[in-house]
Structure formats: structure tokens, C-alpha cells
Amino acid sequence: MTLRDTLIIALIAVMCPVAAHAGIKVTETKVTYTLTEESGGVANDSYVVYSKNSIGNEDLYAIDNYGIETLIAGGPGNQFVPDIEGDSIVYLDDKSGFSRIYYYNLVTRDNYLMSPSLLNHYTPTISGNYLAYFKENTGSRDVFYMDRRNGIETRVTGTTRNEESLSFDESLIAWALLENGTTNVYACEIGGSPFPVAVGPAAHYHRPSVSGNRIAYIDGRTISIYDHSTGLTTRQVDDGIAKWSITLDGDKLYWTDNRNGNRDIFLHTLHDGQTYQLTSDPSDQKLTYAYDNRIIY
Numbered sequence: 141m142t143l144r145d146t147l148i149i150a151l152i153a154v155m156c157p158v159a160a161h162a163g164i165k166v167t168e169t170k171v172t173y174t175l176t177e178e179s180g181g182v183a184n185d186s187y188v189v190y191s192k193n194s195i196g197n198e199d200l201y202a203i204d205n206y207g208i209e210t211l212i213a214g215g216p217g218n219q220f221v222p223d224i225e226g227d228s229i230v231y232l233d234d235k236s237g238f239s240r241i242y243y244y245n246l247v248t249r250d251n252y253l254m255s256p257s258l259l260n261h262y263t264p265t266i267s268g269n270y271l272a273y274f275k276e277n278t279g280s281r282d283v284f285y286m287d288r289r290n291g292i293e294t295r296v297t298g299t300t301r302n303e304e305s306l307s308f309d310e311s312l313i314a315w316a317l318l319e320n321g322t323t324n325v326y327a328c329e330i331g332g333s334p335f336p337v338a339v340g341p342a343a344h345y346h347r348p349s350v351s352g353n354r355i356a357y358i359d360g361r362t363i364s365i366y367d368h369s370t371g372l373t374t375r376q377v378d379d380g381i382a383k384w385s386i387t388l389d390g391d392k393l394y395w396t397d398n399r400n401g402n403r404d405i406f407l408h409t410l411h412d413g414q415t416y417q418l419t420s421d422p423s424d425q426k427l428t429y430a431y432d433n434r435i436i437y
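Mind the numbering: the sequence shown is residues 141 to 437 in the numbering used here, read in order.
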């Protein structure tokens, strides 16, 4: 998804988390001020990382809390779709003619290729010592993970259909799979086998988002959460409104919907079941990332 002209970071503070007295404070900060296109914003405590298209291809940049922008990866081809954890960044680079995964460290500035195979890779995600990603494999797109300490790659799926919407946190990977005319959600642990999270002959389960042992996903016009530690699934948001771009981050569940005639961002806190509207600009706000009390759009 591409955002034109700006990325915005919002700091979220939930005040008095008691249902009868709940309140919320949102502090919005504009991060970029250029006339180019930025996309794929992700963040840690100190940096926002994003791609910027300024000379006909996308380069990867980081901007710190003081507004200082640094080029991370540029040159021929596109550098795009970053993910970040701590000082570690993974991203795609297609200068070889294939989109392959690279690693960059914000402290040491090490920058090197992680996926040597000449195949297209998609949506790399980093958590601890592992990467999870899609890779083209025998005509389809399958789920893989890699131990970045030794480069050993493990294939999780081997279907003839394309998986989509990958999410990974700690040791749990989730994805959606189009099969038999519907979309279902599956998951696996590092070192384990795939298992169904939400499967049905007439349902449409999609957009999984993993946080710890829990997986949130869209179920029609509702959002449900599967708890892998208990095996239980609960409906969290059931208001009959279509939703996009859901993100689960600990106790906070974020999504975008257009109940007001444009796309706004909403927050639902799991501990008390409260829902808050975070944005109200008449233009569309498109959620790209959530981290701790920050969201980027």
C-alpha cells in the first residue's frame, strides 16, 4: 500500500482503563514532508523505516526521533517492504531481477543478503532469531521460515495454491489460504506442523495478525481472536462493519473501516472491550503498522 506525501505516527495513551471512565489521548506527528511517495512504514522506539520513490525506484530510509533521515539501502532496483525488530531490519531488494531478502542493522550498519536463491520472496517478517516469508515455489507461493543465525531455511507449506497475508511474532506464524472458493486461516509454530485456525466451507477468514500466542483475523464483518495457549476462539468486534488492515499488538487491536464514509483507524482494548476512534480526518487513513503505543498511517 502506498501513501502519498506523508507518513504519520500517532502515539496512543489509554487513560483510566475502566469501562465507565475510559478515555484516550492521541498525539499525532507528521513524519515525512516530501512530495514523493512513501510506503511500508514500520517503527521501533527510535526510528521509522519506510520506502521512498523519488527517482523512479524505491529506496529504503530511516528517520529518527529528531527528524534526521538516513538512507539505508538504495541504488539500482527497488528496496521495499521493510520489517523491524529492535535494531534489525529486513527488506526486499529486486536489483537481481528477483525480490530477495536483505538484512540491515541500525547500529553496526551491516547490510547483507539473507536469501541467495533466485526466486521471488514476499513480505519478510522478523521475530527474534527467525524470519518468516513467502517464496515462489514450483509455481505457487509458499510459507517459509529461516534461522538467521545459520541461514537454514524450512518450508512450511507445499500446496499448489497461493498463501497470503503472512504474520509472525515470537514463535507463531499465521497466514491465509484461498481454497475451495473461500479463504481460511492456518498457523504453525517454529519447528512444528501447520494447523487450522479458522476453516469453513462457506466462510471467509482472512488478514491474520499474530501477537504472542494469539491470532486475530477477520471473520466476515467481525474480528475474532484465537488463543493458541488455550485453543479457544472469541469474537472481539462484532459491529457489522467491513474492516481492513487489522493489527493485534498485545492488548490492543487496531483496524481500519469506513463507517464514516472514509477510512478511519480504530482501537479496541481487549481487557475491557472498549473501542475508540483514533482518526477523524475526512481523507482516508490507511493503517500500516502498530508497535507498543504507536501506529503509523
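Don't be surprised by glycine CBs; every beta carbon is placed ideally from N, CA and C.
Quick caveat: nothing in here was measured; it's all calculated off a predicted structure.
Quick one: Cα of residue i to Cα of residue j, how far?
i	j	result
residue 264	residue 167	30 Å
residue 227	residue 262	21 Å
residue 202	residue 374	38 Å
residue 343	residue 401	26 Å
residue 278	residue 433	41 Å
residue 293	residue 399	43 Å
residue 268	residue 225	8 Å
residue 305	residue 210	29 Å
residue 430	residue 185	12 Å
residue 428	residue 290	30 Å
residue 380	residue 406	14 Å
residue 165	residue 183	20 Å
residue 254	residue 233	11 Å
residue 161	residue 219	Legend: pLDDT at residue 161 = 35, less than 50; position of this residue unreliable, value from coordinates given subsequently. Approximately 46 Å between the Cα atoms of the pair.
residue 435	residue 235	30 Å
residue 170	residue 188	11 Å
residue 360	residue 313	22 Å
residue 318	residue 303	7 Å
residue 284	residue 310	15 Å
residue 418	residue 353	26 Å
residue 250	residue 322	43 Å
residue 205	residue 372	40 Å
residue 276	residue 195	29 Å
residue 256	residue 411	44 Å
Per the DSSP calculation, residue i is bridged to which residue(s)?
i	result
residue 195	DSSP lists no partner for residue 195.
residue 425	Paired residues: none, contrary to the question.
residue 383	397
residue 408	393, 415
residue 310	The partner list for residue 310 (beta bridge, DSSP) is empty, contrary to what the question assumes.
residue 283	274
Going by DSSP in three states, residue i sits in which element: helix, strand or coil?
i	result
residue 181	strand
residue 216	coil
residue 289	coil
residue 297	coil
residue 419	coil
residue 236	coil
residue 479	Nothing about residue 479 can be reported from this structure: the residues present for the chain run from 141 to 437 only.
residue 228	strand
residue 190	strand
residue 203	strand
residue 378	coil
residue 446	Because the chain here runs from 141 to 437, residue 446 falls outside it and cannot be looked at.
residue 164	strand
residue 403	coil
residue 171	coil
Please check if any C-beta of chain D sits within less than 9 Å of the C-beta of residue i.
i	result
residue 226	Among the protein chains of the structure shown there is no chain D, as only one such chain exists.
If I'm right that residue i touches residue j with Cβ under 8 Å, what's the distance once you round it to whole angstroms?
i	j	result
residue 326	residue 335	7 Å
residue 338	residue 324	6 Å
residue 437	residue 425	5 Å
residue 388	residue 364	With 8 Å as the limit, residue 388 and residue 364 do not qualify as a contact, their Cβ atoms being about 11 Å apart.
residue 356	residue 308	So it is not a contact: roughly 14 Å between Cβ atoms.
residue 214	residue 199	4 Å
residue 404	residue 420	6 Å
residue 266	residue 246	At roughly 13 Å, the Cβ-Cβ gap does not stay under 8 Å, so residue 266 and residue 246 are not in contact.
residue 341	residue 316	Not confirmed; about 16 Å, so no contact.
residue 328	residue 377	The Cβ separation is near 26 Å, so there is no contact.
residue 409	residue 392	6 Å
Report the start-end ranges of each beta strand (DSSP E) in the stretch 317-376 that is 3 residues or longer and not cut off at the edges.
322-329, 335-338, 345-351, 354-359, 362-367
Give the list of continuous beta strand (DSSP E) stretches no shorter than 3 residues that lie fully inside the stretch 246-277.
251-253, 261-267, 270-277
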